[in-house]
Structure formats: structure tokens, C-alpha cells
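Read in order, the letters of the sequence shown correspond to residues 316 to 699 in the working numbering.
See structure below.
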Amino acid sequence: MSAISADLHANPELCFEETFACRRLSESLTELGLDVQVGVGGLETAFRAEFGPTPAQGRGGATIAVLAEYDALPEIGHACGHNLIAAGAIGAIAGLLAVRDELPGRVVVLGTPAEEGGGGKVKLIDAGQFADIDGAMMFHPYDRDLLWKPALACDEVEFRFTGQASHAAAGPWNGRSALTAALQTIHLVDAIRVHFHDGTRVHGFVKKGGEAVNIIPDKAAVRFSVRAPTRQGLDELRGRVIDCARGAALATRTDVEVEVETGYSEMRNNRTLYERFAGHFDRAAPTGEAPVDWEVGRDVGAGSTDMGDVSQVCPSIHPYIAICDLGETAIHQRRFAELAAGDRALDSTLRAAAAMACTAWDFLADDTLRGDVIREWETSAARS
Ligand SMILES: [Zn+2]
316 MSAISADLHA NPELCFEETF ACRRLSESLT ELGLDVQVGV GGLETAFRAE
366 FGPTPAQGRG GATIAVLAEY DALPEIGHAC GHNLIAAGAI GAIAGLLAVR
416 DELPGRVVVL GTPAEEGGGG KVKLIDAGQF ADIDGAMMFH PYDRDLLWKP
466 ALACDEVEFR FTGQASHAAA GPWNGRSALT AALQTIHLVD AIRVHFHDGT
516 RVHGFVKKGG EAVNIIPDKA AVRFSVRAPT RQGLDELRGR VIDCARGAAL
566 ATRTDVEVEV ETGYSEMRNN RTLYERFAGH FDRAAPTGEA PVDWEVGRDV
616 GAGSTDMGDV SQVCPSIHPY IAICDLGETA IHQRRFAELA AGDRALDSTL
666 RAAAAMACTA WDFLADDTLR GDVIREWETS AARS
């Protein structure tokens, strides 16, 4: 696990370009005795391996998936610590392979590229890679031990305005400014922000704004990320943002083209499975260490993850495990990338791997637990 984490950390790769990581991880699974398929779901840098009895073979009635992420960020490398997520997944699989012959169900390890934009897991879901999976888990490095927190549903929306170019001094009355439309869209979004529901996020930037000071810009573009606690809330919020662009186009007599790029779904957190993970994580503590003071995040910052989409198709957990002290740094900072190569990060990852392996075993072996997990998941589906 240490070598895997270090190798990935030293070779950060962006979404869908994770050829080194994909090869490194699939080779280590092959060394562990698994038959690995690379390029599953039509994604070159995705992989899958599985073991244990299938439900059809009579012994065991379920399939659990351990997910590995391994993409990095532009400029700042593994500042989200996905090298640790990958190492932890391999560690959990190694643990489960140690009891391969007694396994009460099937285990799948899925290499899921492109979490930082691109939505590898969404594509793998669409390609049917989750069709036979009853539960899924991964862990995420963080600045504190946080058993669960919301992840927002998100979309991106881009507005491209077309106006009329004209000399900005000699004949401005002949022009219609696409830049003004773009700026007014941002102002209108800010003006109506007071009406947005709690927990929503709208943030963006001017992508194109003109070419020269003496030309009224006839082309401009602005792009937003729109996020809300549920997909339903997101649909409404996105509609309001689109209205702002249409209003700005009307006022500036420009035309607007709207492009929506569907993002990730909200995380449907499964508390029953989280609590089982927490128990195992505590039991894996070094001797003499106090039990984890688990936080549950309601007022921490929420982003979005394609694990949210996985949680919509099967019960899922995505616990956050500290690799540094609270306040020392946070994800997507350069210091976090440094710490993701450190000893403390590796200790936390080993513990998370042990807890995932034990939680996977319980999910397969304990019919009562699995029933409770699935019931909670179905109820949360009915709510959202
Ligand atoms: Zn991440």
C-alpha cells in the first residue's frame, strides 16, 4: 500500500489520463492473484476484478464493491489524496483475499477514473458496471474524521451571447454588447441569490469577454456551476439561473445559447453502513489510542462527487478520514498534497482499508445488517 500510494503520488495524472495509475493498480491486483479486466465500461483507465461466490453459486447472497479513485488535480497534483484512496482500496481487497475461501459473497474492486470532473463513475453506471452490485464503499482523506456529510447534486451551465460588434467610440449606438449580457447575468444571479434555498451554491466566471477595447464585444460567454442538496432542487435552481441569462439577453438585445452539462447526483448517505464502518475503524485503532470522536457533517462545506451517483443505484458509504490536524490544511491545497505522501496519511489509510474489509465481510455475511442497510436506502429513495 505504501509503494502504491508513493508511486501514484509521484505520477499525478488528470481525469481520463490515468494510464500509469491504472496499470500500477491492475498489476498489483494481478500479483494478488486476481484476473483483472482493464478498460471496462468503455473507459480506458477503468478496471475491474472480482472474487468470491456469486449468488447463483448458492454460497452467499450479495455483492459488495470497493472503489478506487486515482485522478489528480491540475498544477497541485494529489491535493485531494486520491493516491491514498487507491492504496486503501487495494489494502481492503488484500484483506478480503486473505479469507477468499470462506467469503460469504462476492467482492468487486472497481477502478473508477475521473472523479475531479468527467464523472467516471457515472459512465461506469451507464455502462452497466454496477448492475450486479448491492453495496459500494470507499474512503476519502480529509482534515478530520467525518463519518458522513452531504454531497450536492450539481450541473454546469454555460451561456453564450451573440450581439453586434461596432466601433466602441465612433459608433457604440450601432453595437449590442455580448459582454454586458454576460456581466448582467452574473449580477442578476447575485441579485436573486437572497431567494435561494439554504445549502445551494451558484458560482461561475466570464469565459469569454471580448477581443479589443475599441470593439463592442459581439461574443461573450459565462459559465456557472449550480449545486443543490437534491436533484429536484437543482432543477429549480438551474431554471432560475437560466432565467437570469434570458433576462440579460432581453435587456441587451443579444441572443443567448444555453448549454447544460449534467453533473453529479447528491450523496444518499447510508448511516447503518457508516456506523458499521465506524465500529471497525475504532477497533483498528493503535493500542492505547482514544476512540475516534466522529463528527457528522451538517455545517461543513459540501462539494459534489460522482460517488453520489453510485449512492443512487446502491447503498454506499464515503467516510472522510483525517490525514492531518484540523486547520492544518484542507483538500485541494498544496499542503494537503504534501501530507498525502506522509506517514500519518498512510497509517490512516491502512486503518480505513482494514475497516472497509471488515465492513465488506459484514455486509456479505450478516443478513440482518444487509436488510437494514437496504431498507434504509429504499426509504431514503422514497424521500428524495
Ligand atoms: Zn477527492
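No residue lacks a Cβ here, since even glycine has one placed at the ideal position from N, Cα and C.
No experiment lies behind these values; they were computed from the predicted model shown.
Using 9 Å as the limit for Cβ to Cβ distance, is Thr-577 near chain B? Structure shown: chain B not included; a single protein chain is present.
Closest by C-alpha distance to Phe-592, when choosing among Ala-497, His-397 and Met-671: For this step, residue 592 is matched to residue 277 along the sequence shown. If we check each option's Cα against that of Phe-592, Met-671 comes out closest.
For the alpha helix (DSSP H) that contains Lys-436, what are its first and last residues? Taking the first residue of the sequence shown as position 1, residue 436 is located at position 121. Taken as a continuous stretch (DSSP letters only), the alpha helix (DSSP H) holding Lys-436 covers 435-441.
Does ligand 1 have even one heavy atom less than 8 Å from the beta-carbon of Glu-574? In the sequence shown, counting from the first residue as 1, residue 574 sits at position 259. Checking every heavy atom of ligand 1 against the Cβ of Glu-574, none is found closer than 8 Å.
Enumerate in chain order the residues of its own chain whose CB-to-CB distance from Val-615 is below 8 Å, with the five nearest sequence positions on each side excluded. Against the sequence shown, residue 615 aligns to sequence position 300. Closer than 8 Å at the Cβ level, and outside the excluded window around Val-615, lie Leu-461 and Lys-464.
Please go through the segment 509-540 and give each complete alpha helix (DSSP H) segment of 4 or more residues, from N-terminal end onward. none
Between the beta-carbon of Glu-724 and the beta-carbon of Val-422, is there less than 9 Å? The chain is shown from 316 up to 699; residue 724 falls before or after that span and cannot be answered.
Does the beta-carbon distance from Ala-599 to Ala-660 come in below 9 Å? As a first step, residue 599 must be located in the sequence shown, where it is residue number 284. As a first step, residue 660 must be located in the sequence shown, where it is residue number 345. No, the Cβ-Cβ distance between Ala-599 and Ala-660 is not below 9 Å.
Between the segment 447-454 and the segment 374-383, do three or more beta carbon pairs fall short of 8 Å? yes
With 16 other CB atoms within 10 Å as the buried threshold, where does Asp-533 fall? Sequence index remark: in the sequence shown, residue 533 carries index 218 (1-based). By the neighbour-count rule (16 or more Cβ atoms within 10 Å), Asp-533 is buried.
Return the chain-ordered list of same chain residues with a C-beta closer than 6 Å to the C-beta of Leu-344, the five sequence neighbours on each side being excluded. Translated into positions along the sequence shown, residue 344 becomes position 29. The residues are Val-351 and Ala-364.
Give me the residue from Leu-588, Ala-536, Asp-441 and His-393 with the minimum Cα distance to Ser-320. By 1-based counting over the sequence shown, the position of residue 320 is 5. For Ser-320, the nearest C-alpha among the options comes from His-393.
Excluding the 5 residues preceding and the 5 following Val-556 in the sequence, name in chain order all residues of the same chain whose CB lies nearer than 7 Å to its CB. As a first step, residue 556 must be located in the sequence shown, where it is residue number 241. Closer than 7 Å at Cβ, skipping near neighbours: Val-472, Val-504, Val-517, Phe-539 and Val-541.
Rounded C-alpha distance that separates Arg-650 from Gly-396: As a first step, residue 650 is located in the sequence shown; it is residue number 335 there, counting from the start. As a first step, residue 396 is located in the sequence shown; it is residue number 81 there, counting from the start. Distance between the alpha carbons of Arg-650 and Gly-396: 11 Å.
Going by alpha carbons, who is nearest to Lys-522 out of Ala-566, Phe-474 and Gly-554? On the sequence shown, residue 522 is found 207 positions in, with the first residue counted as 1. Cα-wise, what sits closest to Lys-522 is Phe-474.
Three Cβ pairs or more, each shorter than 8 Å: is that satisfied between the segment 619-632 and the segment 425-438? yes
Could you compute how far the alpha carbon of Ala-667 sits from the alpha carbon of Phe-596? Position 352 of the sequence shown, counted from the first residue, corresponds to residue 667. Position 281 of the sequence shown, counted from the first residue, corresponds to residue 596. Cα-Cα distance, rounded: 6 Å.
Taking only the alpha-carbon atoms, compute the straight-line gap between Phe-476 and Leu-679 and give it to the nearest angstrom. The residue given as residue 476 occupies position 161 in the sequence shown. The residue given as residue 679 occupies position 364 in the sequence shown. Between Phe-476 and Leu-679, the C-alpha separation is close to 54 Å.
Is Gly-396 near ligand 1, judged by its Cβ being under 8 Å from some heavy atom? By 1-based counting over the sequence shown, the position of residue 396 is 81. For ligand 1, at least one heavy atom lies less than 8 Å from the Cβ of Gly-396.
Per the DSSP calculation, Tyr-457 is bridged to which residue(s)? Taking the first residue of the sequence shown as 1, we reach residue 457 at position 142. According to DSSP, which records beta bridges pairwise, Tyr-457 is partnered with Ala-637.
Measuring straight from C-alpha to C-alpha, what distance separates Ser-695 and Ala-468? Stepping through the sequence shown from its first residue, residue 695 is reached at position 380. Stepping through the sequence shown from its first residue, residue 468 is reached at position 153. If you take the alpha carbons of Ser-695 and Ala-468, they lie about 15 Å apart.
CA-CA distance, Ile-408 and Phe-520? In the sequence shown, counting from the first residue as 1, residue 408 sits at position 93. In the sequence shown, counting from the first residue as 1, residue 520 sits at position 205. Going by the C-alpha atoms only, they are around 42 Å apart.
Give me the residue from His-633, Asn-584, Asn-489 and Gly-657 with the minimum Cα distance to Asp-700. The structure shown has nothing for residue 700, since the chain only spans 316 to 699.
Tell me whether Thr-620, by its Cβ, gets closer than 8 Å to a heavy atom of ligand 1. What you label residue 620 is simply residue 305 of the sequence shown in a count that begins at 1. Yes.
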